[in-house]
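A.B. asks: Before I ask anything, here is the structure I am working with.
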Amino acid sequence: MPAVKRSHRARPVSPRLSVYRWQLPMLASLAHRISGMMLALFVPVYLYLLTGLTASPDDFMHMLDWMHSLPGRLILWMAGSALIYHLVNGVRFILLDAGWFEARDSMRHTARVSIAAGVLAALMLGGYLW
Amino acid sequence: MLGSGRYGTAHNGLGEWYVQRLTAVIIALLLPVVFVILLAVYNGSLGQMELLDLVDGYVGRMLHTLLLIAVLTHAYLGVKVIVEDYVHVAALRIPMMGAMLTGVAGFGIWWLSVIWAWGS
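This is the structure:
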């Protein structure tokens, strides 16, 4: 096996955000990661909710009160919006894997659809929760 | 940091790629249902008894179990990709993934114990 040359180490590897001009598909990809992290962080909250909602009737009412509190609403709003965005953009990613919408223009166009879906979901869910 | 002249060191990237997408399909089918149920509880149209009817039947428990396995696997693989991309110090990255794996396993056990303990 040849020794790794020094020049190899200096080359940029993929996620170097600072060297690329900002593009819509890049934003869609980054937002997919951020929304995914948010959803992963929602897992313990979900378990907390599930445990409380299915315990005694008092626990259920207590948990319902928490869901209607400001932190509860904010967490439900962020998780729900992240879910819709991640879902729509996830379908987009799978379609890209299957070879659809790979041209530059359609990459941009579908990225716009994902972002619009996320914004719309955030607005509608905000309207529902407040 | 991996240079462009070398491939990844995990050697199971294709398998993880496939599992990430398989779990994505399961989640895409089941998680929206869960969120709608949560919103129905939120606005009061689903009381505790109706909620329990939904989650503690056999079908509910089986689907919930399938969903939790898919969600935790998907979350682990997704966070792994992010950590591998941005955390370049191996002495930091490896313990982080170890903590993530332990956490995911812990949540899985907690979640399963909640689901399968109802009514017993």
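These protein sequence lines map, in sequence, to chains A and B.
Going by this note's numbering, 494 is the number at position 75 of the first sequence; the sequence numbering is gapless.
Going by this note's numbering, 225 is the number at position 8 of the second sequence; the sequence numbering is gapless.
Every residue gets a Cβ at the ideal spot worked out from N, C-alpha and C, and that includes glycine.
Source: prediction; values computed, not measured.
1. Under a CB-based cut-off of 8 Å, is A:Val462 close to chain B?
2. Smallest Cα separation from B:Ala292: which of B:His305, B:Ala308, B:Arg310, B:Met314?
3. I'd like the ranges of any beta strand (DSSP E) spanning at least 3 consecutive residues and lying wholly in the region 458–520 of chain A.
4. Does the beta carbon of A:Ser488 come closer than 8 Å to any beta carbon on chain B?
5. By a C-beta neighbour count over all protein chains shown, 10 Å radius and 16 as the cutoff for buried, is A:Arg440 buried or exposed?
6. Quick check: what's the CA-CA separation for A:Gly546 versus B:His305?
7. Kindly say whether A:Ala459, judged by its beta-carbon, lies nearer than 8 Å to any beta-carbon of chain C.
8. Which residues mark the beginning and the end of the alpha helix (DSSP H) in which A:Ala522 is found?
9. My guess is that A:Ala447 and A:Ser533 are in contact by the Cβ rule of under 8 Å, so how many angstroms apart are they, rounded?
10. If you draw a straight line from the alpha carbon of B:Ser330 to that of A:Gly518, how long is it in whole angstroms?
11. Roughly how many angstroms lie between the CA atoms of A:Trp496 and A:Leu544, to the nearest whole one?
12. Could you tell me if B:Ser338 is buried or exposed, where buried requires 16 or more neighbouring beta carbons within 10 angstroms of its beta carbon?
13. Would you kindly work out how many angstroms separate the C-alpha atoms of B:Pro312 and A:Leu449, rounded to a whole number?
C.D. replies: Per the coordinate set shown:
1. Start at 1 with the first residue of the first sequence, and residue 462 of chain A comes out as number 43. Output row for A:Val462: interface = yes.
2. Here residue 292 of chain B is taken as the residue at index 75 of the second sequence, counted from 1. Among B:His305, B:Ala308, B:Arg310, B:Met314, the Cα nearest to that of B:Ala292 is on B:Met314.
3. Segments of the beta strand (DSSP E) lying fully in the region 458–520 of chain A: there are none.
4. Numbered from its first residue, the first sequence carries residue 488 of chain A at position 69. No, A:Ser488 does not count as interfacial toward chain B.
5. If you number the first sequence from 1, residue 440 of chain A lands on position 21. By the Cβ neighbour-count rule, A:Arg440 is exposed, with fewer than 16 other Cβ atoms within 10 Å of its own.
6. One-based indexing of the first sequence puts residue 546 of chain A at position 127. One-based indexing of the second sequence puts residue 305 of chain B at position 88. In a straight line, the C-alpha of A:Gly546 is about 41 Å away from that of B:His305.
7. The structure shown has no chain C; the protein chains it does contain are A and B.
8. Within the first sequence, the letter at position 103 stands for residue 522 of chain A. No residue range can be given for A:Ala522, since it is assigned to no alpha helix (DSSP H) and is classified by DSSP as neither H nor E.
9. If you number the first sequence from 1, residue 447 of chain A lands on position 28. If you number the first sequence from 1, residue 533 of chain A lands on position 114. Contact annotation, A:Ala447 with A:Ser533: C-beta distance approximately 5 Å; criterion of less than 8 Å satisfied.
10. As a working note, residue 330 of chain B is residue 113 in the second sequence. As a working note, residue 518 of chain A is residue 99 in the first sequence. Rounded to the nearest angstrom, the gap between the Cα atoms of B:Ser330 and A:Gly518 is 41 Å.
11. By one-based count along the first sequence, residue 496 of chain A stands at place 77. By one-based count along the first sequence, residue 544 of chain A stands at place 125. Cα-Cα distance, rounded: 6 Å.
12. This structure gives no information on residue 338 of chain B, because the portion of chain B shown stretches from 218 to 337.
13. For this step, residue 312 of chain B is matched to residue 95 along the second sequence. For this step, residue 449 of chain A is matched to residue 30 along the first sequence. Taking the straight line joining both Cα atoms gives about 24 Å.
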